[in-house]
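Heads up: the structure comes next, in structure tokens.
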Amino acid sequence: MAKGAQDEAFLHGYTVLFGSTDNNYIQEEKFLDALKAKMVDGIIYVSFNPATSEKLLENITVPVVFMDRKIKKRENMGSVLIDNFSAMKDVAAYIAGKGCRQPAGMLIRYIDQGMPLTDRILPYEIMERGTLYNMKTFNQFT
18 MAKGAQDEAF LHGYTVLFGS TDNNYIQEEK FLDALKAKMV DGIIYVSFNP
68 ATSEKLLENI TVPVVFMDRK IKKRENMGSV LIDNFSAMKD VAAYIAGKGC
118 RQPAGMLIRY IDQGMPLTDR ILPYEIMERG TLYNMKTFNQ FT
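Below, the structure is given as structure tokens:
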């Protein structure tokens with residue numbers, strides 16, 4: 018996603034600034050303050066917690082696009098969503114088609130109820146075990 022955003026922005030005369038906050042609210046707040054100070058034209062945002070991020074962005078007037086996060090639509094905010102469930106179903110089918118029957122390390126890293134990752138885990142569970150588990154049981158994979 019990052020390369021695609023950078024390439025497209027460059028075609029339109031923009032530069033993309035990247036930053037990582039390691040899922041840390043304080044770092045996220047500081048990074049957004051830095052972007053405000055730099056007077057950026059817009060923000061492409063992949064937040065670890067859209068609810069707190071919307072609060073951080075309350076006073077931002079530039080356009081903000083959340084990537085792969087559902088948010089409340091506001092005048093200057095929107096989101097681009099990926100169909101993770103279908104994508105991971107395709108990944109699971111592809112891996113199974115190659116003869117792999119235990120793709121346990123395929124994608125599971127961060128577990129958080131309500132995040133897009135939940136859409137990525139379910140197809141794996143369907144393929145691997147033929148059943149669905151309560152999301153709280155997924156910490157076994159971290």
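Throughout, our numbering is defined as the position within the sequence shown, counted from one, plus 17.
In this text, a Cβ means the ideal position worked out from N, Cα and C, and glycines have one as well.
Output needed for residue i: all residues of its chain with C-beta closer than 8 Å, excluding positions within five of it in sequence on either side, in chain order.
{"i": "K87", "result": "P67, S96 and L98"}
{"i": "K55", "result": "L34"}
{"i": "M94", "result": "E71, L74, P80, V81, V82, F83 and I88"}
List the residues that DSSP assigns as beta-bridge partners of residue i.
{"i": "I61", "result": "V82"}
{"i": "V97", "result": "M84"}
Between residue i and the rest of its own chain, which residues show a CB-CB distance below 7 Å, the 5 nearest in sequence each way excluded?
{"i": "I61", "result": "A22, V82 and M84"}
{"i": "L73", "result": "E45, E46 and L49"}
{"i": "Y42", "result": "T69"}
{"i": "N40", "result": "F65"}
Return the Cβ separation of residue i and residue j in integer angstroms, given the expectation that the two are a contact with Cβ distance under 8 Å.
{"i": "F35", "j": "A19", "result": "6 Å"}
{"i": "E71", "j": "K89", "result": "7 Å"}
{"i": "V79", "j": "D58", "result": "6 Å"}
{"i": "I77", "j": "K53", "result": "7 Å"}
Excluding the five sequence neighbours on either side, which residues of its own chain have a C-beta within less than 6 Å of the C-beta of residue i, listed in chain order?
{"i": "V108", "result": "none"}
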